[in-house]
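K.L.:
Chains A and S, in that order, give the protein sequences.
When you line the first sequence up against the numbering used here, it's residues 1 to 280, in that order.
When you line the second sequence up against the numbering used here, it's residues 1001 to 1285, in that order.
Ideal Cβ placement from N, Cα and C applies to all residues, glycine included.
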Amino acid sequence: MELTSSVLNLDWVEVETKVKRFIKDYFEKSNAKGIVVSLSGGIDSCTVAALSALAIGGDKVLGLMLPEKETHRPQDVKHAKLIAKKFNFKAVKIDITSTLEAFYNSIPIFDNTEKLCKGNIKARTRMIYAYYYANRLDMIVCGSSDKSETMIGYFTKWGDVAADISPIMDLYKTQVRKLAQRIGIQKEIITKPSSPGLWTGQSAERELGIKYEKLDLVLYGLEHFMKTEEIAKQLHVKKEVVDGIRRRWLFTEHKRRMLLTTKLQYRTVGTDFRLPRNPC
Amino acid sequence: MLNEGDVKMKEEIRIALAQISCKLGDKNVNIDKMQKVASKAKRHGVDLVIFPELSLTGYVVRDQIYELAEIIPGPSTTVVADIAKKTKTHIIFGMVELSEKTQATIYNSAVLVGPEGFIGKYRKIYLPTHSVFEEKRYFRQGYQTEAFDTPLGKIGLIICYDIFFPEVSRLTRLKGAQLIVCISASPATRRTFFEALTVARAMENTAFLAYVNLVGIEDGLQFWGGSRLVGPNGKILVQAKYDEEDLVMCDVNYIDIRPVETFVPTLKDLRPELFDEMKIYAEKL
C-alpha cells in the first residue's frame, strides 16, 4: 500500500449523505426533541453542528458556546456564530469561568500549575453543561471527536468525547477538513490551527509534534495493519516518531472503552453483555 | 405427463426483490411489513417475493438472538406461510433458527415457503467473524447446500458471505438450481465486493441470481441495499435503490439460460478432479 494523501480520499457526497442519515436515524429512534452540540468554533464542532442542522433542521439544533477567560479567543466565538447563522440554528453563549473557579477553589489538592489536570476540568465542565441542556430540553448530545484525536487519545476522558453519538469519529482530521469544505464551512474555520482549548496558546499540532497531514497517514497505516518500519520509510519520518504514535494509540485504549470491571459472574456489563443499542 | 409428487415448473416467473429495513427484534412489525410488501407484489403479478437476511428480526440483535430464535418450521414460518397462501406467492426470508435438538444452538437460516406451506430451509455455511461481524459467536454453521424443487423452478439458497465462496453457489447449481437466491445484510463498506461477486456467481454458473440486501441503520451499520437480479450472462436485469427501502420486480425466463450455457459452457467444462486438489491444499493453508 502506498501511503499518499490520495488514500484518504473518499466520495465526499456519499460521506455527507451517510453522516446525515446516521444523525437523523439516531435522532428519530431516540424520540428526542433536538440535538445539542458543544460549539467551540473549531472545525470539528462547527462541522458536526452544521451536519446536524442539515440532517434534522436547524430549528432542532442548539449550539452551546462555552468560553472561559484563560483560553477565550474572540475569533472562536465569531466562528461559532458564523456557523450558527449560516446553518440556521440557535447558539447560546455561556461564560463558564465562574463555574471553573468554583471547582478550583473547592478542591483541596488543586494545583494551578498542573495544566493538564486543570484543563480536563474545563472539558468535563463543558460536558456537564451540554448534558444539562440535553436532559432539560429532552435532546441528545452530539459529539465532535475526529478519528485522529480519538485514535491517539488526544481528548479528555469523560469530557469532550462524552456524547450520545459521534458522527465524524471515523474521519481523520484532514478528512474532516474535506467534508467541511464540501458542506460549506467557511475557509477561515477550516484553516484555523486546531486547539482543544484546555490552556492558553494550546496548539494540537505543536503539542503532538507532527502535522495532521502526516499524522493521518501514520494512523491510516496503523489502521491497515502496516508495520511501523514501512510507514516510517514511506513517509520519510523517523521510525521512533511512528513508534511513538503507535504507543500513544495503544496506551490510550482505556480512554475509548467504557465500564471495565473484572469478570465475576455469568454475563458482565461491558464485556459479554452484548445488546443492541436500540433494543425493542 | 406429471406423476404424483412431481412439481410442475413454470418456465417464466416474476420475482420481487423486497429491500426492506427491519425493526430490530420486533418480529410482529417485520412480519406485518412482509405481509404488506407481499400483497403489493402480488398485485403486480409476482410469483416469488424475496426478503433480506435475518429479515424477521433485523441483523444486529446480539444477545437478544436467543429469545428470538425459533425452530423451522415453527410459529413465524407458519405465519409467513399463511401470507404466501393468501397472496398465492412464494416467499423467501431470513430468520434465526433454533435447533430442535437443543435449547440454544442457533443457525442463520433462509426459509422458503409457498402457497402450499413450508418448502425448505438453508443454514448459512460461511459465518463472517471479522471486522464488524460476530456471527460465529452466536451461530452454528450449516453443513449442506440446498436447492429446492418448486413450481417456480429449482431454487438454490445462499446467504450473504457465502457468495465469497464460489463452491456454495456452484453446488446449488450442480444440484440443478436455475435461480440462485442470495439474501444479505451487507453494510456499506462492502458494496464493491458484492456488486462484483453477484455478477460473477451468475456468470460462472450460467444461472439467474437474485441478491436481496437489507437497508437501514443498525448500531451504526448502514446497510446499502442495491438488491439486484442478474441474468446468466451477467446482465443486471433490475436493481433496487441504494440505502433506502425499495421493491423492484423482474420477469425471469429460464429458457434464457440455454444460449448462455452453450456460449460459455462452464458446467460442461467443469473438472471435478480439481476439487480434490483444492481440498488437499485448503487443508494445508
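Applying a beta-carbon distance threshold of less than 8 angstroms, which residues of chain A neighbour S:Asp-1063?
P.N.:
What S:Asp-1063 touches in chain A: Arg-267, Phe-273, Arg-274, Leu-275.
K.L.:
Can you give me the C-alpha to C-alpha distance between S:Asp-1149 and S:Gln-1103, rounded to a whole angstrom?
P.N.:
When rounded, the distance between both Cα atoms is 31 angstroms.
K.L.:
When you compare only the Cα positions, how much space is there between S:Phe-1139 and A:Ile-96?
P.N.:
Cα to Cα, the separation comes out at about 52 angstroms.
K.L.:
From what residue to what residue does the alpha helix (DSSP H) around S:Ser-1184 run?
P.N.:
From DSSP, S:Ser-1184 is part of no alpha helix (DSSP H) but of the beta strand (DSSP E) over 1179-1184.
K.L.:
Output needed for S:Ile-1168: all residues of its chain with C-beta closer than 8 angstroms, excluding positions within five of it in sequence on either side, in chain order.
P.N.:
It is Val, not Ile, that sits at residue 1168 of chain S in the sequence shown. Ile-1125, Tyr-1126, Thr-1145, Ile-1158, Asp-1162, listed in sequence order.
K.L.:
Would you tell me roughly how many angstroms separate the C-alpha atoms of A:Val-237 and S:Ile-1091, rounded to the nearest one?
P.N.:
Approximately 59 angstroms between the Cα atoms of the pair.
K.L.:
Could you work out which residue in A:Gly-221, A:Ala-123, A:Leu-3 is closest to A:Leu-39 when comparing CA atoms only?
P.N.:
Considering only alpha carbons, the answer is A:Ala-123.
K.L.:
If you compare alpha carbons, which of A:Met-226, A:Leu-217, A:Leu-222 is closest to A:Val-7?
P.N.:
Among A:Met-226, A:Leu-217, A:Leu-222, the Cα nearest to that of A:Val-7 belongs to A:Leu-217.
K.L.:
Would you say S:Gln-1103 faces chain A, with C-beta separation under 8 angstroms as the test?
P.N.:
No, because no Cβ of chain A sits closer than 8 angstroms to the Cβ of S:Gln-1103.
K.L.:
Specify the secondary structure class of A:Gly-57 as computed by DSSP and reduced to three states.
P.N.:
Three-state result, A:Gly-57: coil.
K.L.:
Check whether chain S comes within 8 angstroms of A:Asn-278, counting only Cβ atoms and requiring the distance to be less than that.
P.N.:
Interface residue, yes.
K.L.:
8 angstroms is my cut-off, CB to CB: does S:Ile-958 come that close to chain A?
P.N.:
This structure leaves residue 958 of chain S out entirely; chain S is present only between 1001 and 1285.
K.L.:
Suppose contacts are defined by Cβ-Cβ distances below 8 angstroms. Is S:Ile-1050 in contact with S:Val-1212 by that definition?
P.N.:
The answer is yes: Cβ separation under 8 angstroms.
K.L.:
Against chain S, which members of the stretch 101-128 of chain A pass a CB distance test of less than 7 angstroms?
P.N.:
Hits within the stretch: zero.
K.L.:
Hey, is A:Arg-21's beta-carbon within less than 8 angstroms of any beta-carbon in chain S?
P.N.:
By this cut-off, A:Arg-21 is an interface position.
K.L.:
What residue range does the alpha helix (DSSP H) around A:Arg-248 cover?
P.N.:
Segment 239-251, the alpha helix (DSSP H) holding A:Arg-248.
K.L.:
Can you find at least 3 beta carbon pairs, one from the stretch 13-32 of chain A and one from the stretch 151-167 of chain A, that sit closer than 8 angstroms?
P.N.:
Yes: at least three Cβ pairs fall under 8 angstroms.
K.L.:
For A:Arg-274 and A:Arg-136, I'd like the C-alpha separation in whole angstroms.
P.N.:
Looking at the two C-alpha atoms, the distance is approximately 30 angstroms.
K.L.:
Starting from the Cα of A:Arg-177, find the closest Cα among A:Gly-119, A:Tyr-212, A:Trp-199, A:Val-92 and give me that residue.
P.N.:
The candidate whose alpha carbon is nearest that of A:Arg-177 is A:Tyr-212.
K.L.:
Around the Cβ of A:Tyr-172, are there at least 16 other Cβ atoms within 10 angstroms (buried) or fewer (exposed)?
P.N.:
The residue in question, A:Tyr-172, is buried, as its Cβ has 16 or more Cβ neighbours within 10 Å.
K.L.:
Tell me whether the stretch 1066-1085 of chain S and the stretch 1171-1187 of chain S touch, counting them as touching only if at least three CB pairs, one residue from each stretch, are closer than 8 angstroms.
P.N.:
Result no; under three Cβ-Cβ pairs closer than 8 angstroms.
K.L.:
If we cut at 8 angstroms on Cβ distances, does S:Ala-955 have a partner in chain A?
P.N.:
With chain S running from 1001 to 1285 in the structure shown, residue 955 of chain S is simply not present.
K.L.:
Please list the terminal residues of the continuous beta strand (DSSP E) segment that includes S:Gln-1019.
P.N.:
Taken as a continuous stretch (DSSP letters only), the beta strand (DSSP E) holding S:Gln-1019 covers 1012-1019.
K.L.:
Note down the Cα distance separating A:Lys-118 from A:Ala-204, rounded to an integer number of angstroms.
P.N.:
Taking the straight line from one Cα to the other gives about 17 angstroms.
K.L.:
If you check the beta carbons only, do S:Val-1113 and S:Met-1249 fall under 8 angstroms apart?
P.N.:
No; because the gap between Cβ atoms is not below 8 angstroms, this pair is not in contact.
K.L.:
Name the chain A residues whose beta carbon is nearer than 9 angstroms to that of S:Ala-1188?
P.N.:
Within 9 angstroms Cβ-Cβ: Glu-14, Lys-18.
K.L.:
Determine the chain S residues that contact A:Met-25 at a beta-carbon separation under 7 angstroms, and present them in chain order.
P.N.:
In the sequence under discussion, the amino acid at residue 25 of chain A is Asp, which differs from the Met named in the question. Those are Ile-1217, listed as they occur along chain S.
K.L.:
Just the chain A side, please: which residues come within less than 9 angstroms of S:Val-1060 by C-beta, in chain order?
P.N.:
Per Cβ cutoff of 9 angstroms: Pro-276, Arg-277.
K.L.:
Once you ignore the five residues that flank A:Arg-182 on each side, which residues in its own chain have a CB closer than 7 angstroms to its CB?
P.N.:
Trp-12, Glu-16, listed in sequence order.
K.L.:
Under 9 angstroms Cβ-Cβ, which residues of chain A neighbour S:Gln-1019?
P.N.:
Correct list: empty, because the minimum Cβ distance to chain A is about 16 angstroms.
K.L.:
Residues in the same chain with beta-carbon distance under 8 angstroms from A:Gln-186, minus the five sequence neighbours each way, listed in chain order, please.
P.N.:
So the list reads His-79, Leu-82, Ile-83, Lys-86, once near-sequence residues are dropped.
K.L.:
Of the residues that make up the stretch 1128-1157 of chain S, which ones have a beta carbon closer than 7 angstroms to any beta carbon in chain A?
P.N.:
Per Cβ criterion, the list is empty.
K.L.:
Have a look at the DSSP bridge pairing and note the partners of S:Gly-1156.
P.N.:
Answer by DSSP bridge pairing, in chain order: S:Ala-1147, S:Ile-1180.
K.L.:
Using the beta-carbon of each residue, which ones in chain A are nearer than 8 angstroms to S:Gln-1222?
P.N.:
Near S:Gln-1222 (Cβ distances below 8 angstroms), the residues of chain A are Lys-18, Arg-21, Phe-22.
K.L.:
Using only CA atoms, which one of A:Lys-115, A:Glu-68, A:Glu-101 lies nearest to A:Ile-94?
P.N.:
Nearest option by C-alpha distance: A:Glu-68.
K.L.:
Please report the Cβ distance between S:Lys-1027 and S:Leu-1068, rounded to the nearest whole angstrom; I am assuming they are in contact, meaning their Cβ atoms lie under 8 angstroms.
P.N.:
Right, their Cβ atoms sit about 7 angstroms apart.
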